[in-house]
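First the structure, in the form of structure tokens, and then the observations on it.
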Amino acid sequence: MLQTPRGTNDLLPAEQAAWDYVSDHFRAICAAYGYGEIRTPVFEDTRLFQRTVGEGTDIVEKEMYTFFDRGGDSLTLRPEGTAPVVRAYLEHGMHRLPQPVKLSYIASIFRYDRPQAGRLRQHHQFGVEALGESAATVDAEVIALLLHLYRNVGLTGLSLQLNSIGDAACRPQYIEELSAYYRSHTHALCENCRNRLERNPLRLLDCKEDSCQPFIHAAPHTLGSLCAACDAHFDTLKRSLEAMDIDYTLNHTLVRGLDYYTRTVFEVWPEAVGRQSALGGGGRYDGLARHIGKRDVPGIGFGTGIERIILNLERQGLASAADVPFGVYVATLGDNAARYGIGLVNDLRQRGIRALMTYKSRSLKAQLRQAGNLGAHYAVIVGDDELEQGKALLRDLNSSTQELVDDSDLAPTLERLRAGN
RNA sequence: GUGGCUGUAGCUCAACAGGUUAGAGCUCUGGACUGUGGCUCCAGCGGUUGGGGGUUCGAGUCCCCUCAGCCACCCCA
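Take the first sequence: its position 217, counted from the start at 1, is 209 in our numbering, and no numbers get skipped.
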């Protein structure tokens, strides 16, 4: 039996309601904040991600779905949402638009990873990017939008983890400081950390190894070595968040996995016990555009996992059931009535009414049972008797009452009933 | 990529210490009620016990491999 590739899922009609629910909220909030939706290709030139995400990262090193097309070009299934949007901004000359340009997206993301609950090889993200403005008030807006989304869909008990990792002016010095500190303790570090020290020192702060925790605690903080400009930027961000009554937790170990981040970095975590997977995260990436084009474009954005939002809603017991749309079931008896029924159903559908009927000859009992199962509100019952009189029985399936209605009144009556539903 | 747990109808689960044709509930279909749903009762459909190999007279049950899901790690969404 063939099945979905590992780490991928079918989204069935019954599960669609939850997706629509969160997607509708996301789109409404984006509209309120002035973010326009953008769609970029599912695959891009492999170099886009190599240059922006960073050669030393897990994504580029071992998680990308990369392939050569028939023309010999190396393409990669989108492993994250930001780089393609920045690419589109540059490609379409959006620097001529009023800045910042605020874009939102709903996109599939692909990463070759070992699957687990809430961790898939193809997952989906809501994301937002504000491009062309470096003011920290934009950072605050982006964070507010994300938390607004979580609040509106009903997620509670979340914590905003916040940090600033500096920029080109001060980060190199910090990394030097951090490396120097760690080099003095090399002998006591785990093997992984010894590698990090060489390859990606910032990630030393991410280590979960017990024996490394004391070093993380004692290590110099990024916040302690920010340059004046970054310090002021972070200060404005904090004050802006406070102005919106947004609580945050300063987390000096939060450095994010991708190389392109500068200054602001943040994640939102579910409150649940143990180390949970982040619901969403993002940050500022003022150096990213340079890797793609000739222009410097400051930017800030977030990505948040749709499957994880829904998973957490379910864990909170907030499964959203689909509303059953107004519907009519046309039950017929006999060949003549069946033909009449096909015409009636067709007419109702042209009017936008959900109309259903059986595809083969079945007992009236079976047809009404199916009408109930399909969630129809009304049944139209037509047999030879009704056909002769030019009438049909209109049955209210909730109240179990029915009346004889003129054929010509049927559709208008149902339209009226739908309006009142 | 590492370690561990799990895997029986569409769903939720049974099946003594290996022993005849692997059961039940729900769902679906039909009937009791030849033109009136939901309740009840009856019946039917539905499984190469995730897949492959091995041990054995005999494997859902034991062993190996493999696939998938889950948990922890890794990492993040």
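We put the CB at the ideal spot given by N, CA and C, even for glycine.
Point to revise | Between the CA atoms of residue 381 and residue 316 - distance to the nearest angstrom | key: Rounded to the nearest angstrom, the two C-alpha atoms are 33 Å apart.
field: Every unbroken beta strand (DSSP E) inside the region 205 to 292 [3 residues or more]
entry: Whole beta strand (DSSP E) segments, 3+ residues: 254 to 262, 272 to 276.
Residue 156, buried or exposed, once every other Cβ within 10 Å from all chains shown has been counted against 16 = Buried: at least 16 other Cβ atoms inside 10 Å.
Is it buried or exposed, residue 324, if we count other Cβ atoms within 10 angstroms and call 16 or more buried? Around the beta carbon of residue 324, 16 or more other beta carbons lie within 10 angstroms, which makes this residue buried.
Between the alpha carbons of residue 278 and residue 15, how many angstroms are there, rounded?
One alpha carbon belongs to residue 278, the other to residue 15, and they sit about 28 Å apart.
Could you check which residue in 163, 122, 241 has the C-alpha nearest to that of residue 216? Of 163, 122, 241, the smallest CA-CA separation from residue 216 is found for 163.
Using a Cβ distance threshold of 8 Å, determine whether the region 389 to 399 contacts the region 347 to 358, with at least three qualifying pairs required. With the cut-off at 8 Å, the region 389 to 399 and the region 347 to 358 do not touch.
(Q) Contact between the region 226 to 243 and the region 171 to 184 is defined here as three or more beta-carbon pairs at a separation below 8 Å; is this criterion met? (A) Contact between the region 226 to 243 and the region 171 to 184 is absent, because fewer than three Cβ pairs lie under 8 Å.
Rounded to a whole number of angstroms, what is the C-alpha to C-alpha distance between residue 11 and residue 38?
-> The straight-line gap separating the alpha-carbon atoms of residue 11 and residue 38 is approximately 30 Å.
Notebook entry, point to check: Exposed or buried, what is residue 273 when buried is set at 16 or more other beta-carbons lying within 10 Å of its beta-carbon?
Noted result: It is buried - the Cβ of residue 273 has at least 16 other Cβ atoms within 10 Å.
Restricting to Cα atoms, I'd like to know which of 334, 88, 79, 145 is closest to residue 306. It is 145 whose Cα lies nearest to the Cα of residue 306.
Point to revise | Delimiting residues of the alpha helix (DSSP H) encompassing residue 168 | key: Unbroken alpha helix (DSSP H) run through residue 168: 163 to 175.
Exercise for review: Label residue 60 either buried or exposed according to how many other C-beta atoms from any shown protein chain fall within 10 Å of its C-beta, with 16 as the threshold for buried.
Suggested key: Here residue 60 is exposed: its Cβ has fewer than 16 other Cβ atoms, across all protein chains shown, within 10 Å.
message: Using a Cβ-Cβ cutoff of less than 8 Å, which residues in the same chain neighbour residue 334 once the five nearest sequence positions on both sides are dropped?
response: Spatial neighbours of residue 334 in its own chain (CB-CB distance under 8 Å, excluding positions within 5 residues in sequence) are listed in chain order as 349.
#### Entry: Bridge-paired residues (DSSP) for residue 483
Look at the range of the chain in this structure, -7 to 413, and you will see that residue 483 is not part of it.
If contacts are defined as beta-carbon pairs under 8 Å, then residue 82 and residue 403 qualify, I think. What distance do you get, rounded to the angstrom? Not confirmed; about 54 Å, so no contact.
What would DSSP say about residue 430, mapped onto helix, strand or coil? Any property of residue 430 remains undetermined from this structure, which presents the chain solely from -7 to 413.
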